[in-house]
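In my numbering, the protein residues as written are 28 to 370. Report on the structure given below.
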Ligand SMILES: NC(=O)C1=CN([C@@H]2O[C@H](COP(=O)(O)OP(=O)(O)OC[C@H]3O[C@@H](n4cnc5c(N)ncnc54)[C@H](O)[C@@H]3O)[C@@H](O)[C@H]2O)C=CC1
Ligand SMILES: O=C(CO)COP(=O)(O)O
């Protein structure tokens with residue numbers, strides 16, 4: 028614990044918002060969660076638990092929760108946001124006037140908005156009327172449950188402003204959570220969004236019964252397509268080899284804790300999308316973000332065959348047994364990220 032940490036607010040009392048609030052509290056930040064569910068806030072305040080999202084986890088005493096946004100945001104210098112991507116804009120826009128004049132926002136969200144194709148730091152900047160220098164992104168191999176159990180992990184805090192990245196990193200650094208800073212917001216953020224789509228693809232493959240070679244193939248080619256999209260949008264190639272890129276891609280594609288991976292597994296085993304969503308629990312961002320990422324990629328002329336295959340299966344009824352043919356019967360090509368020709 029440290030006395031010099033900033034006061035923080037976390038918007039969203041789901042698995043990651045609650046866990047990140049615990050991370051901040053364990054770093055020494057006074058922290059208040061804001062949520063829309065009375066019973067969740069009540070349980071956090073009285074029992075130091077959030078049973079619906081983190082069963083069995085005991086939260087630090089310092090984590091408080093409220094449905095009163097003004098109370099949560101009063102005095103908060105760091106405002107972390109963990110609300111699902113497609114509802115984040117409408118959920119936080121009414122709170123814009125409640126932020127302290129010098130507060131910075133940190134997106135914990137891994138998705139791309141449908142229709143607008145905005146990255147979540149852009150959505151947050153617009154909704155809260157903050158310049159990009161006051162917005163950061165936190166993304167890495169960060170399965171909430173493991174962090175809530177204090178298992179050691181690292182993450183990336185990215186912002187166009189080094190001071191903002193440093194403030195957020197300082198707020199969340201503790202004995203089990205190590206943030207690295209990065210100025211490549213586009214790369215860090217796209218990594219977090221696209222890895223969810225690739226994790227759905229890996230889940231489908233594993234649910235179908237395919238083994239480790241297929242998994243490694245989808246992860247590796249998924250990294251290539253993520254990198255290509257990032258390069259087309261101005262990201263730094265190195266980011267994709269780092270914690271937010273390869274690190275999170277591997278974590279999400281191999282962990283049974285991942286909702287995206289689990290949803291894909293259910294589909295590979297024959298469930299419909301609605302059945303798979305119901306069976307997964309929590310937010311699988313890859314379902315909707317697959318469509319927005321594909322549209323974004325098309326708008327900049329980047330082909331993403333795995334993402335396209337996921338969209339075909341999830342949203343256009345492509346039978347899963349058609350996937351090998353769809354992905355393997357494309358024209359052959361050279362391997363590199365920079366390779367031109369058919370993807
Ligand atoms: N769970 C994890 O391990 C991690 C999740 N993330 C990302 O964090 C984001 C949130 O994910 P989780 O917390 O896991 O989701 P979750 O499904 O556990 O919780 C979602 C939370 O959002 C709240 N919410 C929904 N609509 C709302 C609204 N209109 N206003 C206010 N609150 C609303 C719900 O009440 C719930 O508390 C996602 O983008 C996810 O990709 C990132 C890293 C790790
Ligand atoms: O982002 C995550 C791990 O870094 C969590 O993944 P899921 O949303 O698939 O559970």
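Virtual Cβ for every residue (Gly too), placed ideally from N, Cα, C.
Note that the C-beta distance between residue 323 and residue 144 is below 8 Å.
Placement of the Cβ of residue 231 at a distance of 7 Å or more from every heavy atom of ligand 1 is found. Counting the other Cβ atoms within 10 Å of the Cβ of residue 66 gives fewer than 16, which makes it exposed. Rounded to whole angstroms, residue 301 and residue 291 show a C-alpha spacing of 12 Å. Around the C-beta of residue 31, fewer than 16 other C-beta atoms lie within 10 Å, and the residue is accordingly described as exposed. Straight-line measurement puts the Cα of residue 325 at about 34 Å from the Cα of residue 40.
Annotation: the continuous alpha helix (DSSP H) that includes residue 351 extends over 350–355.
Scanning 134, 252 and 177 for the CA closest to the CA of residue 333 turns up 252. Ordered along the chain, residues surrounding ligand 1 are 39, 40, 41, 42, 43, 44, 62, 63, 64, 80, 109, 110, 111, 112, 114, 118, 135, 136, 137, 138, 169, 170, 171, 309, 310 and 312 [Cβ under 6 Å from any heavy atom]. Residue side-chain check: residue 279 places its Cβ nearer than 7 Å to a non-hydrogen atom of ligand 2. Runs of the beta strand (DSSP E) spanning 3 or more residues and lying entirely within the stretch 60–147 occur at 90–93, 105–108 and 131–134, in chain order. Taken atom to atom, the span from the alpha-carbon of residue 35 to that of residue 286 is near 27 Å. Cβ atoms of residue 257 and residue 266 come within 8 Å of each other, at about 7 Å. Straight across, the Cα-Cα distance linking residue 130 with residue 197 is about 14 Å. Under the three-state reduction of DSSP, residue 244 is assigned to helix. For residue 104, the closest of 98, 278 and 33 by C-alpha to C-alpha distance is 33. Between the alpha carbons of residue 124 and residue 97 lies a gap of roughly 9 Å. Inter-residue distance for residue 87 and residue 64 is about 20 Å (C-alpha atoms, whole angstroms). In this structure, the C-beta of residue 287 approaches ligand 2 to less than 7 Å from one of its heavy atoms. A residue is called buried when at least 16 other Cβ atoms come within 10 angstroms of its Cβ; residue 170 meets this threshold and is buried. Residue 278 sits away from residue 327, with the two beta carbons spaced by 8 Å or more. The beta carbon of residue 229 sits closer than 7 Å to the beta carbons of 242, 245, 246, 280, 288 and 291 from its chain, once the five residues preceding and following it are set aside; these are given in chain order.
Within the chosen limit of 7 Å, ligand 2 does not reach the beta carbon of residue 306 with any heavy atom. Around the beta carbon of residue 234, 16 or more other beta carbons sit within 10 angstroms, so the residue counts as buried.
No heavy atom of ligand 2 is found nearer than 7 Å to the CB of residue 209. In the structure shown, residue 327 falls within a coil segment according to DSSP collapsed to helix, strand and coil. In this structure, the C-beta of residue 226 approaches ligand 2 to less than 7 Å from one of its heavy atoms. When distances are taken from the beta-carbon of residue 77 to the heavy atoms of ligand 2, even the shortest one reaches 7 Å or more. Counting C-beta atoms within 10 angstroms of its own C-beta, residue 73 has fewer than 16 neighbours from the protein chains shown and is therefore classed as exposed. Residue range 212–235 is occupied by the alpha helix (DSSP H) that includes residue 218. In this structure, DSSP gives residue 164 an extended state, which the three-state scheme calls strand.
In the DSSP annotation of this structure, the continuous segment of the alpha helix (DSSP H) that includes residue 332 starts and ends at 332–343. For residue 37, the enclosing beta strand (DSSP E) begins and ends at 35–38. When only Cα atoms are considered, residue 264 and residue 214 end up about 8 Å apart. Runs of the alpha helix (DSSP H) lying entirely within the stretch 265–316 and spanning at least 4 residues, in chain order: 275–281, 286–295 and 300–307.
Checking the 7 Å criterion, the Cβ of residue 125 is out of range of every heavy atom belonging to ligand 2.
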